[in-house]
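Sequential numbering of the sequence shown, starting at 96, is according to this note's numbering. No residue lacks a Cβ here, since even glycine has one placed at the ideal position from N, Cα and C. Remember, it's a predicted structure, so these values are computed and weren't measured experimentally. Data first, discussion second: the structure below is written as structure tokens.
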Amino acid sequence: MPVYSSIEEAISQATKEKFSSQESSSLSGGSISRSQCIKGNDGRVFFCKENDISFLSFFEAEVKALQEIKATNTIRTPEVITSGTTDLSSFLLLEFIKEGTSSSEGQKEMGKQLARLHKIEQPFFGWTLDNCIGSTPQPNPRSENWVEFYRVHRLQHQFQLAARKGQSFDKAEKLLLHLESFFQDYTPYPSLLHGDLWGGNASHDQAGDPFIFDPASYYGDREADVAFTYMFGGFSPSFYEGYEGEFSLNPGFKTRKILYNLYHELNHFNLFGGGYASSAQSSIHQLVSLL
Numbered sequence: 096m097p098v099y100s101s102i103e104e105a106i107s108q109a110t111k112e113k114f115s116s117q118e119s120s121s122l123s124g125g126s127i128s129r130s131q132c133i134k135g136n137d138g139r140v141f142f143c144k145e146n147d148i149s150f151l152s153f154f155e156a157e158v159k160a161l162q163e164i165k166a167t168n169t170i171r172t173p174e175v176i177t178s179g180t181t182d183l184s185s186f187l188l189l190e191f192i193k194e195g196t197s198s199s200e201g202q203k204e205m206g207k208q209l210a211r212l213h214k215i216e217q218p219f220f221g222w223t224l225d226n227c228i229g230s231t232p233q234p235n236p237r238s239e240n241w242v243e244f245y246r247v248h249r250l251q252h253q254f255q256l257a258a259r260k261g262q263s264f265d266k267a268e269k270l271l272l273h274l275e276s277f278f279q280d281y282t283p284y285p286s287l288l289h290g291d292l293w294g295g296n297a298s299h300d301q302a303g304d305p306f307i308f309d310p311a312s313y314y315g316d317r318e319a320d321v322a323f324t325y326m327f328g329g330f331s332p333s334f335y336e337g338y339e340g341e342f343s344l345n346p347g348f349k350t351r352k353i354l355y356n357l358y359h360e361l362n363h364f365n366l367f368g369g370g371y372a373s374s375a376q377s378s379i380h381q382l383v384s385l386l
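Pasting the structure below:
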């Protein structure tokens with residue numbers, strides 16, 4: 096797989112050390128961007144993601160998210176090298192972390208570290224940049240009201256995107272109207288979220304230490320991060336034991352987990368179609384039945 100000379104030059108400039116690629120290999124796992132491992136003649140190895148040139152602003156938002164998570168000194172993220180464009184694409188260059196084996200202790204430590212990230216209270220809901228979830232634009236305007244933020248800029252936003260595809264959802268308006276009902280005994284504060292925390296975006300290095308990557312960060316209710324870990328699996332009971340031991344969840348999380356994963360069900364419908372519409376509809380009916 097060829098490496099653009101402009102990417103070699105970007106690595107050279109960012110690291111202040113001349114870089115020439117020896118080989119590169121495609122990496123699987125991502126459905127939005129093309130990923131490759133680039134090895135240099137000097138033995139250095141980097142992780143590179145590429146997408147259309149128009150995707151650069153999303154890569155730049157990812158850079159900010161990775162750096163912001165790193166600055167909390169709670170959980171590891173890949174070191175950012177640089178981002179930019181070639182004649183044909185935008186790219187993001189990161190430290191290449193060789194993955195190891197997940198253990199019960201490693202999962203527990205990941206849960207603890209995520210909880211420590213969530214414990215740090217942020218100044219508002221939203222974020223300083225809009226970004227994307229997958230390739231779907233994700234608006235992050237500053238807000239002081241979490242329920243209103245989640246209603247308008249998460250659920251309603253996804254419902255509107257679905258409507259453009261000709262998809263409507265029974266009782267969606269009723270759910271949006273009564274969203275406050277799910278927060279009667281719970282007042283979340285803004286935490287820095289990973290935002291797209293499924294099993295494919297969390298791993299362990301060869302020493303068994305956890306790290307997370309591919310964030311879609313914003314400041315929101317920590318339960319939204321924890322909820323998504325359940326949607327596709329990949330996190331062991333030890334992970335949740337570690338999280339709860341560090342920062343216990345409110346009893347109402349069991350219901351709000353459905354509410355928060357509805358956002359991802361809708362987004363997956365908007366990205367991939369298929370059976371995600373029926374999953375979202377089932378969640379809506381389940382939530383409305385609790386009103």
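- For ARG259, no beta strand (DSSP E) encloses it; the enclosing alpha helix (DSSP H) starts and ends at 252-259.
- For GLN217, the CB contacts under 7 Å within the same chain, skipping 5 residues up- and downstream, are PRO285, SER286, LEU287, TYR314 in chain order.
- In the three-state DSSP reduction, GLY138 falls in the coil class, being neither helix nor strand.
- Judged by DSSP secondary structure, LEU212 falls within the alpha helix (DSSP H) whose first and last residues are 199-214.
- In this structure, the CA atom of SER184 is about 11 Å from the CA atom of SER128.
- For the pair LEU361 and PHE277, the CB atoms are not nearer than the 7 Å cut-off.
- With respect to the 7 Å criterion, PRO283 and ASP304 are not classified as neighbours on the basis of their beta carbons.
- DSSP, reduced to helix, strand and coil, places PHE323 within a helical segment of the structure shown.
- Taking a C-beta distance under 7 Å as the contact criterion, THR180 and LEU161 do not qualify as a contact pair.
- Beta-bridge analysis with DSSP links GLU360 to no other residue.
- The shortest C-alpha to C-alpha distance from ASP300 to any of LYS165, LEU122, ILE133, SER198 is the one to SER198.
- In the three-state reduction of the DSSP assignment, HIS289 falls in the coil class.
- Using a C-beta cut-off of 8 Å, the segment 235-248 makes contact with the segment 205-221, since at least three inter-stretch Cβ pairs fall below that distance.
- Exposed is the label assigned to ARG237, since fewer than 16 other Cβ atoms lie within 10 Å of its Cβ.
- Membership of GLN233 in the beta strand (DSSP E) is indicated by the continuous run 231-233.
- The criterion of a C-beta distance shorter than 7 Å is not satisfied by LEU270 and ILE176.
- Under the criterion of beta carbons closer than 8 Å, SER115 and GLY135 qualify as touching, at roughly 6 Å.
- The C-beta of GLU157 has 16 or more other C-beta atoms within 10 Å across all chains shown, which makes the residue buried.
- Note on geometry: alpha-carbon atoms of PHE327 and ASP225 lie some 25 Å from one another.
- One Cα belongs to LYS144, the other to GLY369, and the distance between them is close to 26 Å.
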